[in-house]
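Just so we're aligned, residue 46 is where the sequence shown starts under the working numbering, counting upward by one. C-beta atoms are modelled at their ideal positions from N, C-alpha and C, and glycine is treated no differently. To start, the structure under review is shown below, and the notes come after it.
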Amino acid sequence: MKKIHLLILCTLLSILNACKKEKTIGVITEKAMVVSAREEASKIGSDILQKGGNAYDAMVATHLALAVVYPVAGNIGGGGFMVYRNNDGTKGALDFREKAPITAHKDMYLDSLGNVIENKSTLGAHAVGIPGSVAGVFEVYDKFGSLPFTALIQPAIDLARNGITITKKQANSLNNATERFEKVNTYKTVFDKKWTAGDILKQEALAQTLERIRDFGKDGFYKGKTADLFVKYVTELGGIITHEDLEKYQAIWRTPISFNYKDYTITSMTLPASGGICLAQMLKSIAPYDVSEIEHNSTQYVQLLTEVERRSYADRANYLGDIDFVKVPIDSLTDQKYLNKRMESFSWEKATPSSEVSHGKILGYESDETTHYSIVDQFGNAVAVTTTLNTGYGSKVVVKGAGFILNNEMDDFSSKPGVPNVYGLVGSKANAIAPEKRMLSSMTPTIVEKDGKLKMVIGTPGGSTIITSVLQNILNVVEYDMGMQASVDQPRFHHQWLPDVIRMEPNGFTKQIKSKLESLGYEILERNSLIIGRVDAILVLPNGQLEGGADKRGDDAAVGF
Ligand code: GLY
46 MKKIHLLILC TLLSILNACK KEKTIGVITE KAMVVSAREE ASKIGSDILQ KGGNAYDAMV
106 ATHLALAVVY PVAGNIGGGG FMVYRNNDGT KGALDFREKA PITAHKDMYL DSLGNVIENK
166 STLGAHAVGI PGSVAGVFEV YDKFGSLPFT ALIQPAIDLA RNGITITKKQ ANSLNNATER
226 FEKVNTYKTV FDKKWTAGDI LKQEALAQTL ERIRDFGKDG FYKGKTADLF VKYVTELGGI
286 ITHEDLEKYQ AIWRTPISFN YKDYTITSMT LPASGGICLA QMLKSIAPYD VSEIEHNSTQ
346 YVQLLTEVER RSYADRANYL GDIDFVKVPI DSLTDQKYLN KRMESFSWEK ATPSSEVSHG
406 KILGYESDET THYSIVDQFG NAVAVTTTLN TGYGSKVVVK GAGFILNNEM DDFSSKPGVP
466 NVYGLVGSKA NAIAPEKRML SSMTPTIVEK DGKLKMVIGT PGGSTIITSV LQNILNVVEY
526 DMGMQASVDQ PRFHHQWLPD VIRMEPNGFT KQIKSKLESL GYEILERNSL IIGRVDAILV
586 LPNGQLEGGA DKRGDDAAVG F
């Protein structure tokens with residue numbers, strides 16, 4: 046009898062739990078939405094839409110606002126990628142990734158013995174790639190913008206001048222970086238102080254730089270006073286960036302990677318971002334399995350995704366680099382037969398050690414902090430942008446007199462074949478440093494369609510974990526029928542071939558699942574502070590409304606109407 050009571054109680058509890066899960070619904074709007082890392086930026090983008098601007102106007106406004114309110118990753122001193130889908134179904138992509146300086150060379154981070162010099166590619170002026178964000182913003186505006194540029198940039202100028210309110214998470218993040226800001230810079234930057242939640246951060250020098258961009262366009266950044274301040278300070282710190290580097294920078298329109306997963310069409314970023322290719326590899330490797338029959342986040346689910354991710358990251362390390370510099374066999378790498386063959390060594394009975402997985406054989410071929418925002422406008426256009434300084438506050442160089450932080454994107458190159466970068470990713474010749482080459486990225490701004498209609502706009506920060514977070518969220522929605530916020534809230538895990546560990550978010554997976562995985566030969570890394578990504582996404586609901594998924598791991602917010 047007691048057993049029956051217990052059974053009834055358990056059943057009731059699981060029904061209650063299921064109900065609780067279903068109730069996790071994000072912000073719902075009728076027409077338009079912006080989801081970004083900060084409410085102020087989402088609101089600025091949404092206000093632009095409400096004034097009649099389109100998704101591209103909102104992209105410009107949101108991007109520039111994030112450079113002010115979210116200095117850890119929002120930027121004008123970094124770069125990124127945009128994938129878009131217009132309301133007529135046309136799609137495209139913009140690459141505004143940083144590139145290596147003209148005088149960069151393959152061994153620039155090695156000492157005389159050929160060893161990688163610690164921190165040289167991550168901290169200080171040597172770590173900086175030529176920023177692409179401002180060029181990217183103007184490419185987008187010139188091609189698609191509809192409101193006056195002044196209206197799009199002014200909110201960011203006002204925020205920089207009048208100040209932003211620091212959140213608790215921001216205070217912690219800034220306080221953790223103070224020592225490195227002090228170490229790198231020759232003056233006291235606006236970021237150097239002990240922060241508490243509620244403090245106001247004013248950035249007058251940044252406001253003036255934004256005004257030069259407002260008044261002189263792209264030249265307000267890559268030429269004139271801003272460029273002079275940039276080159277002078279980087280040179281003072283021993284860096285190698287010149288006026289010529291800045292003047293030559295151009296954003297590039299690219300053809301995105303598009304592929305089908307079951308009934309869905311997925312469009313994502315192509316090289317130099319590895320996201321689209323790896324996402325295609327992973328989803329196509331998963332496609333032969335009846336995923337919805339496997340319990341979500343169960344042992345089997347973690348196994349399947351881990352093995353798929355392991356094989357894809359091994360290919361990433363060997364084959365992928367800047368497509369303008371190296372030949373990459375994209376079609377072969379995403380071919381269904383090739384991927385099925387790669388999965389032949391997968392067994393439910395035991396882990397495949399990464400030491401036994403190399404890159405696949407392609408015939409005839411020789412080789413965390415970022416931020417993402419998603420926008421859908423009232424006209425049905427959709428924009429997914431991932432942008433970054435690379436690690437939090439990039440190189441920690443804050444251009445003296447100009448107030449913006451410079452990236453440390455040079456670390457995304459492979460400084461030496463086989464030696465891991467800050468994300469533990471290894472690379473090969475394909476991602477070696479060369480003058481004016483773009484470093485390989487994991488960014489994965491992605492758009493999902495069903496039956497020719499917009500379904501989802503998604504992306505995330507998280508360095509090497511970006512691709513696997515996007516993968517899990519796509520599966521959450523298309524295989525497990527979750528809403529956008531419920532999907533974003535799910536605990537996440539990640540495997541990247543090397544190191545051969547499954548990273549898991551704390552408290553997200555039961556002891557039983559972890560023990561079973563360990564008994565199958567998987568090593569698990571679960572630290573208390575570890576979160577994986579901050580996914581900001583929009584889902585088009587069957588009735589045409591939009592549901593935002595704003596990641597609670599950060600201060601992220603969805604705003605719309
Ligand atoms: N900086 C991280 C990435 O681009 O993947």
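Residue range of the unbroken alpha helix (DSSP H) whose run includes residue i
i, result
"Phe-449", "Taken as a continuous stretch (DSSP letters only), Phe-449 belongs to no alpha helix (DSSP H), as it is neither H nor E."
"His-108", "100-114"
"Ile-512", "511-523"
"Ile-311", "Looking at the DSSP string, Ile-311 is not in any alpha helix (DSSP H); the run it does join, the beta strand (DSSP E), is 309-313."
"Ser-377", "375-378"
"Ile-93", "84-95"
"Ala-196", "194-207"
"Ser-560", "556-564"
Distance cut-off 8 Å: residue i Cβ against heavy atoms of the ligand GLY
i, result
"Glu-85", "no"
"Glu-454", "yes"
"Ser-487", "yes"
"Gly-469", "no"
"Ile-339", "no"
"Asn-476", "no"
"Asn-435", "yes"
"Ser-460", "no"
"Ser-509", "yes"
"Leu-415", "Here residue 415 turns out to be Thr, not Leu, going by the sequence shown. Within the cutoff, so yes."
"Ala-318", "yes"
Same chain only: Cβ atoms within 7 Å of residue i, ignoring 5 sequence neighbours per side
i, result
"Lys-559", "Ile-569"
"Pro-587", "none"
"Val-105", "Val-182, Val-185, Tyr-186, Gly-190 and Leu-197"
"Val-114", "Arg-83, Glu-85, Ala-86, Leu-204 and Ile-209"
"Gln-295", "Ala-180"
For residue j and residue i, believed in contact at Cβ under 8 Å, the rounded distance
i, j, result
"Ala-103", "Val-79", "6 Å"
"Pro-317", "Ala-138", "Between Ala-138 and Pro-317 the Cβ distance is about 11 Å, and since that is not below 8 Å, they are no contact."
"Lys-577", "Met-529", "It is worth fixing the name first, because residue 577 is Ile in this sequence and not Lys. Actually they do not touch by this definition, with Cβ atoms about 17 Å apart."
"Glu-354", "His-540", "4 Å"
"Ala-149", "Gly-284", "The Cβ separation is near 11 Å, so there is no contact."
"Tyr-525", "His-341", "5 Å"
"Asn-426", "Asn-132", "5 Å"
"Ala-222", "Met-455", "Contact flag wrong, Cβ pair sits at about 19 Å."
"Tyr-383", "Ser-377", "6 Å"
Residue range of the unbroken beta strand (DSSP E) whose run includes residue i
i, result
"Thr-491", "491-495"
"Ser-303", "302-306"
"Tyr-364", "Per DSSP, Tyr-364 belongs to no beta strand (DSSP E); it is in the alpha helix (DSSP H), 344-364."
"Tyr-129", "124-130"
"Thr-416", "414-421"
"Thr-234", "Careful: Thr-234 lies outside any beta strand (DSSP E) and carries neither H nor E."
"Leu-591", "591-595"
"Leu-499", "498-503"
"Ser-81", "78-81"
"Ala-602", "602-605"
"Asp-187", "No beta strand (DSSP E) contains Asp-187, which is instead part of the alpha helix (DSSP H) from 178-189."
"Gly-271", "The question names Gly, but residue 271 is Thr in the sequence shown. No beta strand (DSSP E) contains Thr-271, which is instead part of the alpha helix (DSSP H) from 269-281."
8 Å Cβ shell around residue i - same chain, five flanking residues per side excluded
i, result
"Phe-194", "Val-105, Tyr-186, Arg-259 and Gly-262"
"Ser-178", "His-108, Ala-112, Asn-120, Ile-121, Gly-122, Gly-123, Gly-124, Gly-125, Phe-141 and Thr-432"
"Leu-591", "Ile-73, Thr-74, Glu-75, Lys-76, Ala-77, Met-78, Val-421, Ile-583, Leu-584, Val-585 and Gly-605"
"Arg-257", "Gly-265, Phe-266, Gly-269, Lys-270 and Thr-271"
"Phe-304", "Thr-310, Ile-311, Ala-325, Leu-328, Lys-329 and Thr-379"
Other residues of its chain near residue i: CB distance less than 6 Å, five sequence neighbours each side excluded
i, result
"Arg-598", "Ile-576 and Arg-579"
"Arg-483", "Arg-142, Lys-144, Pro-317 and Asp-367"
"Val-279", "Ala-170 and Ile-286"
"Pro-462", "Ser-473"
"Ala-602", "Glu-84, Ser-87 and Ala-595"
"Tyr-410", "Because Tyr-410 sits at a pLDDT of 44, beneath the cut-off of 50, its placement in the model cannot be relied upon, and the point is left open."
"Glu-494", "Thr-310 and Lys-500"
Any non-hydrogen atom of the ligand HEM within 8 Å of residue i CB
i, result
"Asp-457", "Ligands present in the displayed structure are limited to the ligand GLY, and the ligand HEM is not among them."
Across the region 349-361 and the region 302-317, are there enough close Cβ pairs to call them in contact, namely three or more that are closer than 8 Å? no
* To do: Determine, using beta-carbon pairs with one atom in the region 81-90 and one in the region 536-554, whether at least three such pairs fall under 8 Å.
  => no
At least three beta-carbon pairs within less than 8 Å, the region 117-125 to the region 161-172: No, the region 117-125 is not in contact with the region 161-172.
Any contact of the region 497-509 with the region 399-406, i.e. 3+ C-beta pairs under 8 Å? No, the region 497-509 is not in contact with the region 399-406.
Q.
Three Cβ pairs or more, each shorter than 8 Å: is that satisfied between the region 433-448 and the region 274-289?
A. Here the region 433-448 lies against the region 274-289, with 3 or more beta-carbon pairs under 8 Å apart.
Exercise for review: Evaluate contact between the region 318-332 and the region 361-381, counting only Cβ atoms and requiring at least three cross-stretch pairs below 8 Å.
Suggested key: Taking a contact to require three or more Cβ pairs closer than 8 Å, the region 318-332 and the region 361-381 qualify as touching.
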